[in-house]
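Student: Chains as they are written, first to last, in our numbering: chain A, 83 to 202; chain B, 497 to 603.
All C-beta atoms in this analysis are idealised placements derived from N, C-alpha and C, irrespective of residue type, glycine included.
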Amino acid sequence: QLQLQESGPGLVKPSETLSLTCTVSGASIGTNIYYWGWIRQSPVRGLEWIGNIYYNGNTYYNLSFKNRVTMSLDTSKNQFSLRLNSVTATDTSVYYCATYGNETTAFDYWGQGILVTVSS
Amino acid sequence: DIQMTQSPSSVSAFVGDRVTITCRASQDISKWLVWYQQKPGRAPKALIHAASSLQSGVPSRFSGSKSGTDFTLTISSLQPEDFATYYCQQANSFPYTFGQGTKLEIK
C-alpha cells in the first residue's frame, strides 16, 4: 500500500523559505507510474495545485507562484521535497504531498497534510 | 487558467436520497475531470477520474458524467459516510485547478 508522509517546520517567518519533505513508502519514486505532487489548501484560497515532479526530475510548476517554487527528488531516501521562498502570510495553508497517476490522471494517494503557518 | 465552478456550494439531503453535484469548466477540458471527497481533518480522496471512471475501491453508488464542459457527480443512494465536501479538479492542462467545493450535509 502506497503511503506518503509530509514533514517540516510548522512555523515559518515572513520572507523566509518554506521547506517540506514527503517520504514515500510502498513505491519507488524512481517509478514512471506516478508523478509526485504538492497541493495546498486554505479556507481563503481553497485547493491549489503547486506543482508535480516526475521520476526523471522534470518539473511542472503552477506559474501563479511566480518562480518561488522548487521541487526535487532524493531517490536514496525515497523522498521528494518542496521549497517555497519569500513566503508571506497568504502562504499559510495545509500542504499535502500526493501521487498523480499516469493512468488515472488523478491524485490517487495523499499524505495526511501538514499545517504551515507564516508568522513572525 | 481554467476555472472550475461547482454548484451548489452546499446541499442538505437525507440518507437514501439521490444527490447531484455539478462542475462547469471555463473551457473545453475533454474528459479530464476528477472528483474528490474530503472529510474534516482528512486529505481529499479521489472518487472518479476521466469524468466517469470509478477509482478502485469506490462504491458503485458514485457515478460521473459529462456534457460538453459540464460535469456531474451523482450519489445514487446517500449513506451516512457520504456526508463530506466534494471537489472537482481539471486534469486537462497546467495549472491543474480545483472547484471551490460542495458541502453535503445531512438533513
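Based on the DSSP output, what are the partners of residue 118 of chain A in its beta bridges?
Tutor: By 1-based counting over the first sequence, the position of residue 118 of chain A is 36. Answer by DSSP bridge pairing, in chain order: A/135 and A/181.
Student: Along the chain, where does the beta strand (DSSP E) that runs through residue 192 of chain A open and close?
Tutor: Here residue 192 of chain A is taken as the residue at index 110 of the first sequence, counted from 1. Counting along the chain, the beta strand (DSSP E) containing residue 192 of chain A begins and ends at 189-192.
Student: How would you call residue 539 of chain B, buried or exposed, if buried means at least 16 neighbouring beta carbons within 10 angstroms?
Tutor: As a position in the second sequence, residue 539 of chain B is number 43, starting the count at 1. Looking at its Cβ environment, which holds 16 or more other Cβ atoms inside 10 Å, residue 539 of chain B is buried.
Student: Near residue 115 of chain A, which residues of its chain fall below 8 Å by C-beta distance, leaving aside the five closest residues on each side in sequence?
Tutor: Taking the first sequence and counting its residues from 1, one reaches residue 115 of chain A at position 33. Closer than 8 Å at Cβ, skipping near neighbours: 109, 183, 184 and 185.
Student: Which residues in chain B have a C-beta closer than 7 Å to the C-beta of residue 194 of chain A? List them in chain order.
Tutor: Translated into the one-based positions of the first sequence, residue 194 of chain A becomes position 112. Within chain B, the residues near residue 194 of chain A are 539.
Student: Using a Cβ-Cβ distance cut-off of 8 Å, determine whether residue 582 of chain B contacts chain A.
Tutor: Locating residue 582 of chain B in the second sequence gives position 86, where the first residue counts as 1. No, because no Cβ of chain A sits closer than 8 Å to the Cβ of residue 582 of chain B.
Student: On the three-state DSSP scale, how would you describe residue 130 of chain A?
Tutor: Mapped onto the first sequence, residue 130 of chain A falls at position 48. It is a strand residue.
Student: Alpha carbon to alpha carbon, how far is residue 145 of chain A from residue 556 of chain B?
Tutor: Along the first sequence, one-based indexing puts residue 145 of chain A at 63. Along the second sequence, one-based indexing puts residue 556 of chain B at 60. About 37 Å.
Student: Any beta carbon from chain A within less than 8 Å of residue 591 of chain B's own beta carbon?
Tutor: For the purposes of this step, residue 591 of chain B is identified with residue 95 of the second sequence, where counting begins at 1. Yes, contact with chain A.
Student: At a cut of 8 Å, does the segment 84-96 of chain A reach the segment 543-558 of chain B through at least three beta carbon pairs?
Tutor: Cβ pair count under 8 Å is below three, so no.
Student: Mind checking residue 170 of chain A: buried by the 16 CB within 10 Å criterion, or exposed?
Tutor: As a working mapping, residue 170 of chain A is identified with position 88 in the first sequence. Result: exposed.
Student: The beta strand (DSSP E) that contains residue 163 of chain A, what's its start and end?
Tutor: In the first sequence, the residue the question calls residue 163 of chain A occupies position 81. Unbroken beta strand (DSSP E) run through residue 163 of chain A: 161-166.
Student: Helix, strand or coil: which one does DSSP assign to residue 577 of chain B?
Tutor: As a first step, residue 577 of chain B is located in the second sequence; it is residue number 81 there, counting from the start. It is helical.
Student: What separation, rounded to the nearest whole angstrom, lies between the Cα atoms of residue 554 of chain B and residue 155 of chain A?
Tutor: Position 58 of the second sequence, counting from 1, holds the residue named residue 554 of chain B. Position 73 of the first sequence, counting from 1, holds the residue named residue 155 of chain A. Taking the straight line from one Cα to the other gives about 31 Å.
Student: Within this structure, are the beta carbons of residue 534 of chain B and residue 581 of chain B separated by less than 8 Å?
Tutor: Translated into positions along the second sequence, residue 534 of chain B becomes position 38. Translated into positions along the second sequence, residue 581 of chain B becomes position 85. Yes, Cβ-Cβ distance for residue 534 of chain B and residue 581 of chain B is below 8 Å.
Student: Express the C-alpha separation of residue 198 of chain A and residue 524 of chain B in angstroms, rounding to a whole number.
Tutor: Stepping through the second sequence from its first residue, residue 524 of chain B is reached at position 28. Stepping through the first sequence from its first residue, residue 198 of chain A is reached at position 116. Answer to the nearest angstrom: the Cα atoms are 35 Å apart.
Student: Can you grab the Cα-Cα spacing for the pair residue 119 of chain A / residue 503 of chain B, in whole Å?
Tutor: One-based indexing of the first sequence puts residue 119 of chain A at position 37. One-based indexing of the second sequence puts residue 503 of chain B at position 7. Roughly 27 Å separates the two Cα atoms.
Student: For residue 501 of chain B, which residues from the same chain have a beta carbon less than 6 Å from its beta carbon, with the 5 sequence-adjacent residues on both sides left out?
Tutor: In the second sequence, residue 501 of chain B corresponds to position 5, counting from 1. Result list for residue 501 of chain B: 520, in chain order.
Student: At which residues does the beta strand (DSSP E) containing residue 566 of chain B begin and terminate?
Tutor: Taking the first residue of the second sequence as position 1, residue 566 of chain B is located at position 70. First-last of the beta strand (DSSP E) with residue 566 of chain B: 566-571.
Student: Using C-beta distances below 7 Å, list every residue in its chain close to residue 85 of chain A, excluding the 5 sequence neighbours before and after it, in chain order.
Tutor: Residue 85 of chain A sits at position 3 when you count from the first residue of the first sequence. Closer than 7 Å at the Cβ level, and outside the excluded window around residue 85 of chain A, lie 107 and 108.
Student: Closer than 9 Å by beta-carbon distance: list the chain A residues that pair up with residue 597 of chain B, in chain order.
Tutor: As a position in the second sequence, residue 597 of chain B is number 101, starting the count at 1. Neighbours of residue 597 of chain B on chain A, chain order: 128 and 129.
Student: Please work out which residues of its chain come closer than 8 Å, Cβ to Cβ, to residue 579 of chain B, disregarding the five sequence neighbours upstream and downstream, and give them in chain order.
Tutor: Here residue 579 of chain B refers to the residue found at position 83 of the second sequence. Excluding positions up to five away in sequence, the list reads 600, 601 and 602.
Student: Interface residues of chain A around residue 551 of chain B at Cβ under 8 Å?
Tutor: Taking the first residue of the second sequence as 1, we reach residue 551 of chain B at position 55. Neighbours of residue 551 of chain B on chain A, chain order: 186, 188 and 190.
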